[in-house]
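Q: If you scroll down you'll find the structure; I have some questions about it.
In our numbering, the protein residues as written are 17 to 337.
Following this line, the structure appears as structure tokens:
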């Protein structure tokens, strides 16, 4: 699991029409397309809408940004009044939004699917690491007994989601930063579909394509950390890299932490997941970047339509699905 926002888990998916892909520019940025670039969830975001008049496209984007704002007010760790912040502070949340309940239910399902590698209750351990290194200027590792104590408090069985109430066990905290961007991406795609749109490419932390280009070809997505170029149509793509963001003086310690051990080791340089759901792709990329090859294969075998590209530090890529 990882922490994004404040320190942000950097995503390595970029549209090929960004810097360094000039051959794709004429087709992607045609006069038939409208591109919005800005900020969402504290990071750069892009929306590409093909085949629409600019005025219509702008209205759709405005509606999408209102939805992003609404969802940030639920999931943000760094907004004092967000639902998640209030839950972490008080240990209980009365009348939670349906979105928060759904995302916690999805998190519990992903936790079971990944054998515990996806676990939003990693938040107190992540905060401990961040505070430990913020106060040091050497390469010492945190005390093992302190890590073990916090790992013992990790577990979604410590989160109770009931009718009109969410309750946390004492000492429990939640971060949804390993899955919320995917969930928000799915909700923006829903807005686009309700507006009758096709031929859309979203990059809101995770990438999602509705159909493909106007000529029927898929969008091409570059993953710089792995050197891969992946075709995408009617699917989402999420990528995690354990080396993308490190604690400041942590001797290479990644911000992606293993909920089962408290360690930061990963066998992969980067790991990309493609699925019809950006929520699932996001959560699985967060978890499986910590998994070995056999674990990746086992999880992928349980989800028809799932594809995984896991690039080892040596540069070769395992493709599953």
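C-beta: ideal position from N, C-alpha, C; glycine also.
Considering just the uninterrupted stretch of the alpha helix (DSSP H) at residue 312, what are its terminal residues?
A: Start and end: 309-317.
Q: Whose C-alpha, out of 320, 313, 227, 319, is nearest the C-alpha of residue 335?
A: Cα-wise, what sits closest to residue 335 is 313.
Q: Rounded to the nearest angstrom, what separates residue 281 and residue 315 at their Cα positions?
A: Roughly 19 Å separates the two Cα atoms.
Q: Looking at the unbroken beta strand (DSSP E) that takes in residue 176, where does it start and where does it end?
A: From DSSP, the beta strand (DSSP E) with residue 176 extends over 175-178.
Q: Around the Cβ of residue 110, are there at least 16 other Cβ atoms within 10 angstroms (buried) or fewer (exposed)?
A: The residue in question, residue 110, is exposed, as its Cβ has fewer than 16 Cβ neighbours within 10 Å.
Q: Please go through the same chain and pick out, in chain order, the residues whose beta-carbon is closer than 6 Å to the beta-carbon of residue 52, but skip the five residues on each side of it.
A: Around residue 52: 63, 77.
Q: What are the uninterrupted segments assigned as alpha helix (DSSP H) that are 4 or more residues long and contained completely in the region 109-193, given in chain order?
A: The region 109-193 contains these whole alpha helix (DSSP H) runs: 114-129, 139-150, 160-167.
Q: Touch check for the region 209-217 and the region 58-75: three-plus C-beta pairs under 8 Å?
A: Short answer: they touch.
Q: What's the C-alpha gap between residue 84 and residue 204?
A: Whole-angstrom Cα-Cα distance: 8 Å.
Q: Residue 172 and residue 124 look like a contact to me (Cβ under 8 Å); what is the Cβ gap, rounded to whole Å?
A: Their Cβ separation, rounded to whole angstroms, is 5 Å, which keeps residue 172 and residue 124 in contact under 8 Å.
Q: Tell me, which residues are paired with residue 286 by DSSP?
A: Residue 286 is bridged to 327.
Q: How is the alpha helix (DSSP H) around residue 77 delimited, first residue to last?
A: Where residue 77 is concerned, the enclosing alpha helix (DSSP H) stretches over 70-91.
Q: Compute the Euclidean distance between the alpha carbons of residue 224 and residue 201, then round it to the nearest angstrom.
A: Those two C-alpha atoms are separated by around 7 Å.
Q: Taking residue 220 as the reference, which of 75, 87, 72, 300 has the closest Cα?
A: When only C-alpha atoms are compared, the closest one is 87.
Q: The beta strand (DSSP E) with residue 335 in it runs from where to where?
A: Residue 335 -> beta strand (DSSP E) spans 333-336.
Q: Pairing CB atoms from the region 190-200 with CB atoms from the region 290-300, are three or more of them under 8 Å?
A: Contact between the region 190-200 and the region 290-300 is present, because at least three Cβ pairs lie under 8 Å.
Q: Per DSSP, residue 219 forms a beta bridge with which residues?
A: Residue 219 is bridged to 62, 223.
Q: Measuring CA to CA, which of 49, 97, 232 is closest to residue 74?
A: Among 49, 97, 232, the Cα nearest to that of residue 74 is on 49.
Q: Contact defined as beta carbons within less than 8 Å: I believe residue 189 pairs with residue 104. What is the distance between those atoms, to the nearest angstrom?
A: 5 Å between Cβ atoms; contact.
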